[in-house]
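Numbering (the numbering used here), first residue to last: 2 to 298.
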């Protein structure tokens, strides 16, 4: 099982400028985060027309140099956020090889039909929303519960709310909708920070639970336990059916069944025979002692 450490931030937008990325990653380390995901967006509704079954999703950005640089400080994952308008995205996802290279897959629906599909049939891990588009898309109770049953998590980004007051109102409205329709189950907090000054510490982020209608425990889980469960769920989705080898430490003792072919019933009969033999020997010993007394008398 892959190891990850608390705390988590699963939405750090990718930036071509390595200087900006390093500043954000260094700030994450200072704030106490250990596992993060660098996100890149792809708008499926604007894809170019091509042959059916052709690859439409991009490959992950090259971040190996950042992983090596922060190897002892951060676990860096890669995530893709797919913007789409209808269920046609399902076929493209099923035949894509590039999607398997990402650790996390998020869906960002742009229509009500896409939101329903995202909750009920989307083959990903996270459902997110666009803060700039407002709160015009609100999930219904039944699709929300189906998403929870499927292990999908709903993401709330706090950095856009810091940058703009309108985004803050929309995010609170979306969070209250999650609270009303599904009691804020399967919620995670991410930053979505494009700049280091938009980042906040894990405990400050957990305190947002009181604004978003979550309980104190749900707020803590949104940056820790729920993110860990999300990571494991995403790993199982990528690997599918696997074979696990268990390696033990120390010598391994093998028993040869040919040396002991006795069944339990035979062992029980042998034990009864030993008890009977012991009782017979005891009786003979007592009889011999009684005969000696008679002779002496």
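For glycine and all other residues, C-beta sits at the position ideal for the given N, C-alpha and C.
Remember, predicted model here, so these are calculated numbers, not experimental data.
- In this chain, the beta strand (DSSP E) harbouring residue 82 covers 76 to 85.
- Residue 45 counts as buried, since at least 16 other C-beta atoms from the protein chains shown sit within 10 angstroms of its C-beta.
- Between residue 59 and residue 102 the beta-carbon gap is near 10 Å, outside 8 Å, which marks them as no contact.
- Counting every other CB atom within 10 Å of its CB across the protein chains shown gives residue 80 a total of 16 or more, marking it as buried.
- Taking residue 86 as reference, the option from 232, 234, 207 and 48 with the minimal CA-CA separation is 48.
- For residue 103, no beta strand (DSSP E) run applies, since DSSP gives it neither H nor E.
- Residue burial is scored here from C-beta neighbours: residue 96 has fewer than 16 other C-beta atoms within 10 angstroms and is therefore classed as exposed.
- Distances from the CA of residue 172 to each of 28, 228 and 209 were compared; the closest alpha carbon is that of 209.
- According to the DSSP assignment, residue 145 belongs to the alpha helix (DSSP H) that extends over 142 to 151.
- The continuous stretches of beta strand (DSSP E) do not include residue 179, which lies in the alpha helix (DSSP H) extending over residues 166 to 183.
- Scanning 185, 140, 76 and 114 for the CA closest to the CA of residue 220 turns up 185.
- Look at the stretch 22 to 64 and you find no whole run of alpha helix (DSSP H) that is 4 residues long or longer.
- Per DSSP, residue 14 is one residue of the beta strand (DSSP E) stretching across 9 to 14.
- For residue 188, the closest C-alpha among the options 88, 155 and 162 is that of 155.
- Between residue 180 and residue 6, the alpha-carbon positions lie close to 28 Å from each other.
- Put simply, the backbone Cα of residue 216 is about 34 Å away from that of residue 100.
- Residue range 188 to 191 is occupied by the beta strand (DSSP E) that includes residue 191, with no alpha helix (DSSP H) assigned at that position.
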